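Protein chains in written order, with our numbering: chain A, 1 to 302; chain B, 1001 to 1088.
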Amino acid sequence: MNKELTKKLSSGHATCQGCGIPAIVRTVLGATDEPVIVANATGCLEVTTTIYPYTAWKVPYVHSVFGNAAATAAGIDAAQKALMKSGKIKKKAKVVVFGGDGGTYDIGLQALSGALERGHDFLYVCYDNEGYMNTGGQRSGGTPYGANTETAPAGETSFGKSQQRKDLMEIVNAHHIKYLAQSNVAYVNDLKMKAKKALKTTGPSFLLVLQPCTQLWKFPTSEYVAVGKLATETNFWPLYEIEDGKYTINNIVKTPKPIEEFLKVQGRFKHLFTDKNKQVIVDIQNKVDENLSKLVKRAEKS
Amino acid sequence: MSLEKGGIIKHDISKSPKTGDWAYSKPQVDKDKCIGCETCVQYCPDACIEMVKHKKDIKKKADIDYDFCKGCGVCAQVCPVKAIVMKK
């Protein structure tokens, strides 16, 4: 067991073979030497790290219900403020929230919005595996167009999810917080840099991190880093940050790979590579290009 | 077992499942090929890889803890010099 990496989250947790979530948690929590308190939304991370009577967490950890991780963090922040005022503690611990895309895009969105708007001092990290993977891969607000999921299955009359994914970064940005960024677990150095910046921010900060799911994106257990890299190399998942409203694109991909490169390595898009679904791939490519040009324009303006 | 007062559960590694039992193949590090770049260390989901300096070596080399390694193969995939091979 690596002593340095397991200071905050130990081994012995039960995430699937080849899951990227622990790397996200270790990288984010490893970006600070200050004490941290972790709040967690229900999801893969929560069920796998806290199997009674064992907990893999070596830092204070709170799990309440699915939708209120951000509200829990707000409570921890408020409690620390009160304890500071009464002189019971001298220094506040950093509050870090981990939530999946289900607990962030969908179920926890109003709690997140409230906590951001009230300006609590915390970092919210959303590990985005693009679906409710812990319960068998149902569609979420983060699932991309055309993906085959349990509740949007591909078949004779359907090509999978027929809606586009939410633009969560813009939803969070609409709260005018000081720092938010989109990152990818396959680029740990980028994630580390962003986590450091986010943890230094006073007030709310937000990280959206792509987390390729071996089980329900359907690729071999050894491939999460490779699939994550393809997501960024095809511009499906550009890496960028927004500081005080100023956009910075961290990796400008000069010759992006076609989106097929990213889609073909995943079983959830297998059905798109048939004659009748050819158009869906064209639509996905167009949407990727459109989203990127929007982002580039925003970066140029700011 | 009974829950502690206040419902606090403390970390105790002796109670953890030995996830090494899950592995159907195990990574083998070729210590001669390993360049000690630590790429595998940060991507290992189970934090099983530690850099260890052996007597003869100048650099630290990857060393794997099979008690917790689930055998996913991520380390072998990310290794830039293919020093890790998955073996049954």
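All C-beta atoms in this analysis are idealised placements derived from N, C-alpha and C, irrespective of residue type, glycine included.
Note that the structure is predicted; figures quoted are calculated from it, not measured.
Kindly identify the DSSP beta-bridge partner or partners of residue i.
{"i": "E1050 (chain B)", "result": "B:D1063"}
{"i": "L9 (chain A)", "result": "A:W57"}
{"i": "P212 (chain A)", "result": "BP columns for P212 (chain A) are empty, so no partner."}
{"i": "M1086 (chain B)", "result": "B:P1027"}
{"i": "T248 (chain A)", "result": "A:E241"}
{"i": "F206 (chain A)", "result": "A:Y124 and A:L180"}
{"i": "K94 (chain A)", "result": "A:V36"}
{"i": "Q138 (chain A)", "result": "A:Y132"}
{"i": "V62 (chain A)", "result": "A:A39"}
{"i": "G87 (chain A)", "result": "Answer by DSSP bridge pairing: none, since G87 (chain A) is not bridged."}
Which stretch, first to last residue, makes up the alpha helix (DSSP H) that contains residue i?
{"i": "F262 (chain A)", "result": "I259 to L263"}
{"i": "Y224 (chain A)", "result": "Y224 to E233"}
{"i": "L116 (chain A)", "result": "L109 to R118"}
{"i": "T49 (chain A)", "result": "C44 to T49"}
{"i": "P238 (chain A)", "result": "Taken as a continuous stretch (DSSP letters only), P238 (chain A) belongs to no alpha helix (DSSP H), as it is neither H nor E."}
{"i": "G155 (chain A)", "result": "Note, G155 (chain A): premise wrong, no alpha helix (DSSP H); not H, not E."}
{"i": "V172 (chain A)", "result": "L168 to N173"}
{"i": "I281 (chain A)", "result": "K278 to K301"}
{"i": "P22 (chain A)", "result": "I21 to L29"}
{"i": "M193 (chain A)", "result": "V188 to K200"}
For chain B, is any of its Cβ atoms less than 8 Å away from the one on residue i?
{"i": "Q17 (chain A)", "result": "yes"}
{"i": "E223 (chain A)", "result": "yes"}
{"i": "M169 (chain A)", "result": "no"}
{"i": "N2 (chain A)", "result": "yes"}
{"i": "T55 (chain A)", "result": "yes"}
{"i": "S64 (chain A)", "result": "no"}
{"i": "S10 (chain A)", "result": "yes"}
{"i": "G20 (chain A)", "result": "yes"}
{"i": "V188 (chain A)", "result": "yes"}
{"i": "L230 (chain A)", "result": "no"}
{"i": "L208 (chain A)", "result": "no"}
{"i": "K178 (chain A)", "result": "no"}
{"i": "T6 (chain A)", "result": "yes"}
Ends of the beta strand (DSSP E) at residue i?
{"i": "T1039 (chain B)", "result": "Segment T1039 to Y1043 is the alpha helix (DSSP H) holding T1039 (chain B); no beta strand (DSSP E) there."}
{"i": "C1069 (chain B)", "result": "Run containing C1069 (chain B): none; DSSP gives neither H nor E here."}
{"i": "I37 (chain A)", "result": "V36 to N40"}
Are the C-beta atoms of residue i and some chain E residue less than 8 Å apart?
{"i": "Q1042 (chain B)", "result": "Within the model displayed, chain E is absent; protein chains A and B are what it includes."}
Would you please verify whether the beta carbon of residue i is less than 8 Å from any beta carbon of chain A?
{"i": "C1079 (chain B)", "result": "no"}
{"i": "H1011 (chain B)", "result": "yes"}
{"i": "K1087 (chain B)", "result": "no"}
{"i": "V1074 (chain B)", "result": "yes"}
{"i": "E1050 (chain B)", "result": "yes"}
{"i": "G1007 (chain B)", "result": "no"}
{"i": "K1070 (chain B)", "result": "yes"}
{"i": "D1057 (chain B)", "result": "no"}
{"i": "D1021 (chain B)", "result": "no"}
{"i": "D1065 (chain B)", "result": "yes"}
{"i": "K1015 (chain B)", "result": "yes"}
With 16 other CB atoms within 10 Å as the buried threshold, where does residue i fall?
{"i": "E307 (chain A)", "result": "Outside the shown range of chain A, which is 1 to 302, sits residue 307 (chain A), and nothing can be said about it."}
{"i": "L83 (chain A)", "result": "exposed"}
{"i": "I1084 (chain B)", "result": "buried"}
{"i": "G102 (chain A)", "result": "buried"}
{"i": "G160 (chain A)", "result": "buried"}
{"i": "G155 (chain A)", "result": "exposed"}
{"i": "P22 (chain A)", "result": "buried"}
{"i": "K1070 (chain B)", "result": "buried"}
{"i": "M242 (chain A)", "result": "Here the sequence assigns Ile to residue 242 (chain A), which means Met is not the residue at that position. Looking at its Cβ environment, which holds 16 or more other Cβ atoms inside 10 Å, I242 (chain A) is buried."}
{"i": "N68 (chain A)", "result": "buried"}
{"i": "K90 (chain A)", "result": "exposed"}
{"i": "G228 (chain A)", "result": "buried"}
{"i": "H176 (chain A)", "result": "exposed"}
{"i": "Y52 (chain A)", "result": "exposed"}
{"i": "G136 (chain A)", "result": "exposed"}
{"i": "V202 (chain A)", "result": "The sequence shown places Thr at residue 202 (chain A), not Val. Exposed, because fewer than 16 other Cβ atoms sit within 10 Å of the Cβ of T202 (chain A)."}
{"i": "A174 (chain A)", "result": "exposed"}
- Message: Tell me whether the region 1-18 of chain A and the region 179-192 of chain A touch, counting them as touching only if at least three CB pairs, one residue from each stretch, are closer than 8 Å.
- Response: no
- Message: I'd like to know if the region 109-127 of chain A and the region 70-77 of chain A are in contact, where contact means that at least 3 CB-CB pairs between them fall below 8 Å.
- Response: yes
- At least three beta-carbon pairs within less than 8 Å, the region 123-131 of chain A to the region 89-109 of chain A: yes
- Message: Quick check: the region 125-134 of chain A against the region 240-248 of chain A, are at least 3 beta-carbon pairs closer than 8 Å?
- Response: no
- For the region 1032-1043 of chain B against the region 286-302 of chain A, are there 3 or more C-beta pairs whose distance is under 8 Å? no
- Task: Decide yes or no for the touch test of the region 1056-1074 of chain B against the region 214-225 of chain A: beta carbon pairs closer than 8 Å, at least 3 of them.
- Result: yes
- Count the CB pairs spanning the region 1020-1029 of chain B and the region 1062-1072 of chain B that are closer than 8 Å, and state whether there are at least three. yes
- Does the region 16-32 of chain A come close enough to the region 1043-1062 of chain B that 3 or more CB-CB pairs lie under 8 Å? yes
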